[in-house]
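As structure tokens, the structure follows; a few thoughts come after it.
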Amino acid sequence: MYSCQQVLAGKNPELIAILKFLCEQSHKLTNMGIYYARQLYFKSQKGIGKYDLEKVYKKNNHYKVLHSQAAQQILRTVAESFRSYYGLIKAYNEGTIEHRPRIPNYRKKGGMAT
């Protein structure tokens with residue numbers, strides 16, 4: 585069983601602004617990873633590896649703003665969702681599942697991610 589710890593930020597406007605900025609940057613990094621993986625799949629039908637996105641975005645500003653472990657986890661989550669999609673496509677082609685799976689979509693513009 586997993587538990588969640590809630591941390592209340594209080595009414596400190598500086599802290600809230602910093603947290604909002606970091607969440608926006610992680611949201612943008614997620615969409616960038618999804619964009620790269622989708623384009624790679626559409627153009628060459630190749631899958632994205634677990635560490636491929638990290639190599640591509642290591643010099644990016646959205647990646648640098650976040651702690652490296654957080655940024656790596658964001659990109660690994662994107663790679664994991666695409667790996668799941670590739671598995672579903674394989675199952676669809678074998679006839680194991682009935683409905684064709686959809687490729688992972690972008691997050692909504694202006695949102696925040698943790």
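The numbering of the sequence shown is my numbering, which starts it at 585 and goes up by one. We put the beta carbon where it would ideally sit given N, CA and C, even for glycine.
N- and C-terminal bounds of the alpha helix (DSSP H) containing residue i
{"i": "residue 664", "result": "652-678"}
{"i": "residue 591", "result": "Counting along the chain, residue 591 falls outside any alpha helix (DSSP H), and DSSP gives it neither H nor E."}
Status (buried if at least 16 other CB within 10 Å, exposed otherwise) for residue i
{"i": "residue 694", "result": "exposed"}
{"i": "residue 586", "result": "exposed"}
Sequence-distant residues of the same chain with beta carbon closer than 7 Å to residue i, five excluded per side
{"i": "residue 615", "result": "690, 691"}
{"i": "residue 676", "result": "684, 685"}
Residue i in three-state terms, based on DSSP
{"i": "residue 640", "result": "helix"}
{"i": "residue 698", "result": "coil"}
{"i": "residue 585", "result": "coil"}
{"i": "residue 598", "result": "helix"}
{"i": "residue 646", "result": "helix"}
{"i": "residue 615", "result": "helix"}
{"i": "residue 625", "result": "helix"}
8 Å CB neighbourhood of residue i in its chain, flanking five on each side removed
{"i": "residue 630", "result": "624"}
{"i": "residue 658", "result": "610, 613, 614, 617, 650, 697"}
Residue closest to residue i, alpha-carbon to alpha-carbon, out of the options
{"i": "residue 643", "options": "633, 656, 632, 634", "result": "656"}
{"i": "residue 666", "options": "608, 591, 632", "result": "632"}
{"i": "residue 660", "options": "606, 636, 590", "result": "636"}
{"i": "residue 669", "options": "602, 688, 606", "result": "688"}
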